[in-house]
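Those letters in the first sequence? Residues 174 to 483, by this note's numbering.
All residues carry an ideal CB built from backbone N, CA and C; glycine is no exception.
These numbers were taken from a predicted model, which means no experiment stands behind them.
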Amino acid sequence: MGSSGCDPTLRSSLCIGSPSDIGMAWLEETEDNKPTRSMLGLPDFIWPGVSPPCYNRLSNEVLRMTEANNVPPEPTLGTQHVLIPSQNTPPVVQGETEEHCLEQVQSMVVGEVLSDVNKACKLLNIAPDPLDWSCIHVYKWLLWTEHLYKLPQISMLFKELNGRDLCSLTEADFRQRSSQYGEVLYAHLDIWRSAAAMKEQGPPEAHPSKANDNSWCNYPSQPIHLWQFLRDLLLKPHNYSRSIRWLNKEKGIFKIEDSAHVARLWGIRKNRPAMNYDKLSRSIRQYYKKGIIRKPDVSRRLVYQFVNPV
DNA sequence: AATTAGGATTACC
DNA sequence: GGTAATCCTAATT
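Structure representation (structure tokens):
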């Protein structure tokens, strides 16, 4: 299963075998050629009117869908629905809690989206950052987005704009130009801007209204070290304190309360279904001589200590 | 029985 | 080459 979202073999939905054999041909295609909802990895995947891209809202939607027995609603443009085709929905490990599932789906979704933005860049031969776009680039992107979301021809509503102009438009501006689809278009543009901001590794030069949204900062599908993973869990006590928690945060001492649970989460993150605490703890022990994690002065079962506390 | 420690090998980037 | 995954034995709690 593709919990990491970065395994190309798991991208069953990917329709670009090689970009060259598709190129821009779809620009001339008619509806009869039934171009899929996406020329990228998101065929039937509608990134909703998420603005800003928000984990929590996304999580709630996904969770609701999961509880609703994985029956996604019909595509409805302009509404707040996340549509995930069945082949993109990771199998839910039986007995896993909702958090596992969410964590998994979130990782995958964000990874997919970023990857697909990348592919779209290559396909359209445009820069990833909308701010760098010329009028032509904007037009290409608009045409592509029309196809992606099966929108009517709304690209002319935004003609003559370069990327900077486009980005300077508010959501209200988008709505004004197209009351029906402006929101979707704005949300899609927002994804690109977020992705570009993330790429620069720097602080997401986000729009003012989104200054507090750090959900896109920790890109879950990036390679991650075990110690980072554990630290991240510890920094989300609301979600994971039943499995791992600080005994002394200042000293970096923490306790794994549910070793099997933590191991399972680690296995999900690394796409290692056979992960268990025996193997996870072996990796922790490798940190001893590296000076990353050690046993506290008074050794206790399932208690470790970060050498350099946060 | 679960955890701890660490050696050895393999896999993967 | 580095990090982890896997597998292992032996000791400890």
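Item, Value
"Report yes if the CB atom of Leu408 is closer than 8 Å to the CB atom of Ala436, and no otherwise.", "no"
"CB Phe142 to CB Trp419, shorter than 8 Å?", "Nothing about residue 142 can be read from this structure; the chain reaches only from 174 to 483."
"In three-state terms, what does DSSP make of Lys468?", "coil"
"Tell me where the alpha helix (DSSP H) around Trp317 begins and ends.", "308-322"
"Buried or exposed for Pro246, going by 16 or more other Cβ atoms inside 10 Å?", "Note that Pro246 has pLDDT 36, beneath the 50 cutoff, so the model's placement of it is unreliable and the number below is only indicative. With fewer than 16 Cβ atoms within 10 Å of its Cβ, Pro246 is classed as exposed."
"According to DSSP, simplified to helix, strand and coil, what is Val357?", "helix"
"Put Lys428 into one of helix, strand or coil per three-state DSSP.", "strand"
"Can you give me the Cβ contacts of Glu204 inside the same chain, cut-off strictly under 6 Å, excluding the 5 residues immediately before and after it?", "At Glu204, the pLDDT of 34 sits below 50, so the modelled position is not reliable; the number obtained from the coordinates is stated separately. Contacts found: none."
"State the DSSP-derived secondary structure class of Gln395, mapped to helix, strand or coil.", "coil"
"I need the straight-line Cα distance from Leu250 to Trp317, nearest angstrom please.", "Caution applies to Leu250, whose pLDDT of 38 falls short of 50 and renders its modelled position unreliable; the value that the coordinates give is listed next. The straight-line gap from Cα to Cα measures roughly 16 Å."
"Out of Phe402, Trp365, Ile397, Ser456, point me to the one whose CA is closest to Pro301's CA.", "Trp365"
"Can you tell me the Cα-Cα spacing of Val483 and Gly425, whole angstroms?", "7 Å"
"Just list the residues that DSSP pairs Val476 with in beta bridges.", "Lys428"
"Which class does Ile441 belong to by DSSP, given the choice of helix, strand or coil?", "helix"
"Measure the beta-carbon distance from Trp400 to Ile465 and round it to whole angstroms, keeping in mind my assumption that it falls under 8 Å.", "5 Å"
"Check Ile327 in the structure and name its three-state DSSP category.", "coil"
"Based on Cα-Cα distance, which residue from Pro303, Ser416, His320 lies nearest to Asp338?", "Pro303"
"Any idea what DSSP makes of Arg415, helix, strand or coil?", "coil"
"Work out the CA separation of Val357 and Leu321 for me, nearest whole Å.", "11 Å"
"Check for me: the alpha helix (DSSP H) holding Ala345 runs from which residue to which?", "344-350"
"Look up Asn298 in the DSSP assignment and say whether it is helix, strand or coil.", "coil"
"Quick one: using the 10 Å Cβ neighbour count with 16 as the cut-off for buried, is Glu423 buried or exposed?", "exposed"
"Within a Cβ cutoff of 6 Å, which residues of the same chain sit near Ala369, ignoring the five residues on either side of it in sequence?", "Pro301, Asp302"
"Going by DSSP, what residues sit across from Asn421 in a beta bridge?", "Ile426"
"Could you check if Ser288 is buried or exposed, using at least 16 other CB atoms within 10 Å of its CB as the buried criterion?", "buried"
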